[in-house]
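> Before I ask anything, here is the structure I am working with.
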């Protein structure tokens with residue numbers, strides 16, 4: 260996606276999106292307005308870290324001007340800080356519809372776009388070529404199946420070890436494992452827990468739960484890493500905690 264793609268939603272209006280070096284970027288003003296911020300510029304300035312936004316030349320109505328665009332991390336920051344009741348619905352639209360389509364095909368064809376037949380055909384050809392490439396990739400994977408079968412035991416052993424470890428920990432999971440189950444990046448998950456005061460960092464930079472926010476969401480446990488020989492106390496997330504955070508991220 261080398262140019263701006265426009266996505267429309269009856270509830271949230273129009274969002275402009277770019278793909279720059281395989282990373283998805285959103286026009287910050289569009290996202291802030293869709294999420295009900297009265298002052299989009301202030302929302303972007305106050306809620307989004309500097310590394311999650313940049314200035315980019317945007318063409319609109321025959322004119323070109325610099326506008327702030329935000330990455331996926333910046334998008335989540337605006338969603339989590341929004342007071343709009345439909346913020347979760349907006350997140351589902353972006354994460355369940357737009358992002359998967361972009362990541363799979365590099366393009367997004369919306370039935371709501373006012374395109375000519377030639378433009379629709381051009382987009383369809385791009386998607387078709389991507390499908391062909393995926394099939395070629397699958398064929399190569401199938402050709403290598405015999406060699407993969409030879410190492411099945413080596414692949415399954417770590418998974419079995421992980422399950423045993425999980426049982427030993429009373430089904431407690433660390434931040435990386437929990438973020439993976441929630442379908443978000445570990446960095447974003449930890450940032451959310453810190454921003455919402457579920458966790459804080461002690462003087463050694465270690466993540467610790469606030470006592471008033473714990474309520475069975477976290478558990479401290481002595482852990483030993485056999486590979487690295489590290490031993491110490493680790494903050495882990497309980498099944499109750501995983502379900503609580505899952506509901507927050509639906």
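Residue numbers (our numbering): 260 to 509.
Glycine residues also receive a C-beta, built at the ideal position from the N, C-alpha and C atoms.
All of these numbers come straight from a predicted model, not from anything done at the bench.
#1: Go through its chain and collect everything with a Cβ distance to residue 340's Cβ below 6 Å, but skip five positions before and after it.
#2: Assign residue 318 to buried or exposed, taking buried as 16 or more other Cβ atoms, counted over all protein chains shown, within 10 Å of its Cβ.
#3: Quick one: what does DSSP say residue 464 is sitting in, helix, strand or coil?
#4: Provide the residue span of the beta strand (DSSP E) that contains residue 495, from first to last.
#5: DSSP on residue 360, reduced to helix/strand/coil?
#6: Relative to the alpha-carbon of residue 313, which residue among 282, 347, 293, 298 has its alpha-carbon at the smallest distance?
#7: Taking C-beta to C-beta, are residue 286 and residue 326 nearer than 8 Å?
#8: Going by Cα to Cα distance, which pick from 462, 455, 435, 481 is closest to residue 471?
#9: Would residue 278 and residue 329 be called neighbours here (beta carbons separated by less than 8 Å)?
#10: Count the other C-beta atoms from every protein chain shown that fall within 10 angstroms of the C-beta of residue 288, then say buried if there are 16 or more, exposed otherwise.
#11: Output the distance between the C-alpha atoms of residue 303 and residue 310, rounded to the nearest integer angstrom.
#12: Span of the alpha helix (DSSP H) holding residue 305?
#13: For the alpha helix (DSSP H) holding residue 295, just list the boundary residues, first then last.
#14: If we ignore side chains and look at the alpha-carbon of each, how far apart do residue 280 and residue 474 end up?
#15: Whole angstroms are fine: how far does the CA of residue 437 sit from the CA of residue 331?
#16: Looking at the structure shown, is residue 278 part of a helix, part of a strand, or coil, going by DSSP?
#17: Cutting at 8 Å between CB atoms, please list the residues of its own chain near residue 469, excluding the five before and the five after it.
#18: Output the distance between the C-alpha atoms of residue 506 and residue 334, rounded to the nearest integer angstrom.
#19: Measuring straight from C-alpha to C-alpha, what distance separates residue 356 and residue 265?
#20: Rank 492, 481, 447 by C-alpha distance to the C-alpha of residue 463 and give the top, closest one.
#21: Which runs of the beta strand (DSSP E) spanning at least 3 residues fall entirely within the stretch 313 to 337, listed in chain order?
#22: Mapping the DSSP letters down to three states, classify residue 265 as helix, strand or coil.
#23: So the beta strand (DSSP E) residue 480 belongs to, where does it begin and stop?
#24: In the structure shown, what three-state DSSP assignment does residue 458 receive?
#25: Report the option in 461, 439, 273 whose CA atom is closest to the CA atom of residue 504.
Answer, in terms of the structure:
#1: 306
#2: exposed
#3: coil
#4: 490 to 496
#5: helix
#6: 282
#7: yes
#8: 455
#9: no
#10: buried
#11: 12 Å
#12: 299 to 306
#13: No alpha helix (DSSP H) holds residue 295; DSSP gives it neither H nor E.
#14: 43 Å
#15: 19 Å
#16: strand
#17: 456, 457, 458, 459
#18: 19 Å
#19: 14 Å
#20: 492
#21: 322 to 329
#22: strand
#23: 477 to 483
#24: strand
#25: 439
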